[in-house]
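Shown next, in structure tokens, is the structure this report addresses.
Residue numbers (my numbering): 84 to 308.
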């Protein structure tokens, strides 16, 4: 049984999505290490997040150190920075769960689905890191601004994909601790669905003037015969 981590490292934690996750997990009692390429910038970001969340459990470190100190690491960087970021912290991820939130958005056409080489960002991350790292994808369809606003009740469900069921369960628990409903959505290859849906949601936000469209799974677990 894979245990829920006590300390979470967030690479890209100064952006709205990473910052929102950091604050929500800190409010739920987790220790959080916000990573940045610059140590001073990471410390400033952590100070700001502690103030916004009214906690003192968020610290800032340079990316490699943040990944090294954490029990579990979350990657919340733009698509173009995904593999370069993983190259930097690859050794520090050995034996850990990596939550990959990467979405293959290609500006300026972010409302058009782009399928990366290999089928999905998360699948590419798993292949790059190897079996010593359990890659799980999640949170691609949650509006970053909603995550960052602690007064906002998030009503978007989270699809959790990964090859290791126990690692997926850890991420389901973390999502629920951050105030979201999460679902096991199968192996890492299935992440292509959640990743591609983000561009569709961005299109719908623009077309229908929605403030952060999201996904909702219908049906009641256990109701089928």
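By construction, the Cβ of each residue, glycine as well, lies at the ideal position given by its N, Cα and C atoms.
Here the structure is a predicted model, which is why all the values come from computation and not from measurement.
Coil, strand or helix - residue i by DSSP
i, result
"residue 235", "coil"
"residue 104", "helix"
"residue 153", "coil"
"residue 182", "strand"
"residue 132", "helix"
"residue 125", "helix"
"residue 99", "helix"
Neighbourhood of residue i by C-beta distance below 8 Å, restricted to the same chain and skipping five residues each side
i, result
"residue 97", "117, 119, 124, 125 and 128"
"residue 309", "Look at the range of the chain in this structure, 84 to 308, and you will see that residue 309 is not part of it."
"residue 236", "262"
"residue 267", "243, 248, 251, 252 and 255"
"residue 271", "203, 205, 206, 209, 218, 219, 220, 244, 245 and 246"
Status (buried if at least 16 other CB within 10 Å, exposed otherwise) for residue i
i, result
"residue 189", "exposed"
"residue 198", "exposed"
"residue 291", "exposed"
"residue 137", "exposed"
Chain-order list of residues whose beta-carbon lies under 6 Å from that of residue i (same chain, five-residue window excluded)
i, result
"residue 216", "176 and 181"
"residue 95", "101, 159 and 160"
"residue 149", "92, 116 and 118"
"residue 140", "109 and 114"
DSSP beta-bridge partners of residue i
i, result
"residue 145", "119"
"residue 114", "90"
"residue 225", "Beta-bridge pairing links residue 225 to no other residue."
Residue range of the beta strand (DSSP E) that includes residue i
i, result
"residue 274", "Run containing residue 274: none in the beta strand (DSSP E); it sits in the alpha helix (DSSP H), 274-291."
"residue 241", "241-245"
Extent of the continuous alpha helix (DSSP H) to which residue i belongs
i, result
"residue 208", "204-212"
"residue 257", "248-260"
"residue 371", "Shown here, the chain extends from 84 to 308; a query on residue 371 therefore has no answer."
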